[in-house]
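Be aware that the sequence shown starts at 103, since it is given in my numbering, and climbs by one per residue.
Virtual Cβ for every residue (Gly too), placed ideally from N, Cα, C.
Quantities reported herein were computed from a predicted structural model and do not represent experimental measurements.
Worksheet: the structure to be examined is printed underneath.
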Amino acid sequence: MWDKPELMNTAANLLFGTAALLAFYAALALVIQLPLFPLREVRVSGELAHVTRDEVEELVRRELRGNFFTLDLGAARGAFERLSWVRKVNVRRRWPDRLEVVLEEHVPLARWSDRALVNTRGELFDATYGGRLPRFVGPAGAAKEMAIQFEYFRTSLAAIGLTPVAVQISQRRAWRIHLATGLTLELGREQVEARLTRFVAAYGRTLARLERRVDYVDLRYANGFAVRVPELGFEKPESKRRHAA
Numbered sequence: 103m104w105d106k107p108e109l110m111n112t113a114a115n116l117l118f119g120t121a122a123l124l125a126f127y128a129a130l131a132l133v134i135q136l137p138l139f140p141l142r143e144v145r146v147s148g149e150l151a152h153v154t155r156d157e158v159e160e161l162v163r164r165e166l167r168g169n170f171f172t173l174d175l176g177a178a179r180g181a182f183e184r185l186s187w188v189r190k191v192n193v194r195r196r197w198p199d200r201l202e203v204v205l206e207e208h209v210p211l212a213r214w215s216d217r218a219l220v221n222t223r224g225e226l227f228d229a230t231y232g233g234r235l236p237r238f239v240g241p242a243g244a245a246k247e248m249a250i251q252f253e254y255f256r257t258s259l260a261a262i263g264l265t266p267v268a269v270q271i272s273q274r275r276a277w278r279i280h281l282a283t284g285l286t287l288e289l290g291r292e293q294v295e296a297r298l299t300r301f302v303a304a305y306g307r308t309l310a311r312l313e314r315r316v317d318y319v320d321l322r323y324a325n326g327f328a329v330r331v332p333e334l335g336f337e338k339p340e341s342k343r344r345h346a347a
């Protein structure tokens with residue numbers, strides 16, 4: 103090798119280039135660590151109804167570490183995601199000194215038993231909420247199905263002035279709706295939407311005209327429904343054949 107000048111020159115150039123590159127990165131790392139690129143602004147946006155300014159300011163003071171280059175975006179995203187009302191977070195740097203955070207909140211739809219809340223996507227989350235919400239009761243994993251079905255229940259019943267305050271689904275997937283009036287609708291497992299539609303169509307000329315209070319309606323019949331008047335018990339309509347569902 104020593105008697106080959108060209109090879110020696112190539113090796114020397116390679117070593118020099120490597121050393122220069124390492125020196126450059128070392129200098130760059132040193133510059134980045136210096137207080138030359140501070141984050142001067144954290145801009146938080148989104149349709150926020152529950153996340154407060156105080157929560158955000160406290161999180162920024164406590165969790166965000168580093169300058170424009172050294173801040174761990176993944177850690178920052180995780181910190182915002184731990185806020186109880188936050189569903190989704192998008193974090194990005196904006197040159198020269200800003201961090202932009204876009205938050206998507208959970209929109210509460212119902213209470214899940216007595217333990218959690220259900221958002222409009224059927225996802226469970228833990229948060230404190232003082233407002234009134236309907237209650238869902240069902241087996242594990244049923245929240246999304248119930249959220250989808252609830253929208254149909256609520257819209258259909260609103261047309262006749264009724265409001266669902268609780269919805270139940272059993273392990274066998276049988277549905278029951280409790281209304282604000284105290285009335286319970288038994289829908290069963292099959293043709294759930296068709297049965298409710300039939301009830302809505304008949305309500306104005308049947309139950310709405312009764313002088314006695316009805317507390318239970320069984321809609322699991324082929325062509326009608328049975329009602330229960332508290333002081334009388336069940337009144338089963340004549341010639342109404344019931345499905346086994």
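For S258, no beta strand (DSSP E) run applies; the uninterrupted alpha helix (DSSP H) run containing it begins and ends at 245 to 260, by DSSP. Beyond the five residues adjoining it in sequence on each side, L281 comes within less than 8 Å, by CB distance, of L259, L264, T265, P266, V267, L287 in the same chain, given in chain order. Secondary-structure assignment with DSSP links S147 through a beta bridge to V204. Straight across, the Cα-Cα distance linking V331 with G290 is about 20 Å. Within the DSSP bridge table, the entry for Y318 names T286, R330 as partners. A contact is defined here as three or more CB-CB pairs under 8 Å, and the stretch 308 to 318 fails this definition with respect to the stretch 290 to 300. With 16 or more other Cβ atoms from the protein chains shown falling within 10 Å of its own Cβ, N221 counts as buried.
Every unbroken stretch of the alpha helix (DSSP H) spanning 4 or more residues and falling wholly within the stretch 137 to 199 is given here in chain order: 155 to 165, 175 to 183. For A212, the uninterrupted beta strand (DSSP E) segment begins and ends at 210 to 214. The C-beta distance from F301 to V316 rounds to 12 Å, too long to meet the 8 Å contact threshold. Taking a contact as a CB-CB distance under 8 Å, the pair V144 and L201 counts as one, their CB atoms being some 5 Å apart. Excluding the 5 residues flanking it on each side, A245 has same chain C-beta neighbours closer than 8 Å at W214, V220, G224, E225, L226, F238, in chain order. For R278, the secondary structure class from DSSP, reduced to helix, strand or coil, is strand.
DSSP lists P210 as the beta-bridge partner residues of N221.
Each of D228, R189, V269 was checked against the Cα of L285, and the nearest Cα belongs to V269.
In the same chain as L161, and ignoring 5 residues on each side of it, the C-beta atoms closer than 8 Å to its own belong to A181, F182, L185, in chain order. Between the alpha carbons of D156 and D174 lies a distance of about 22 Å.
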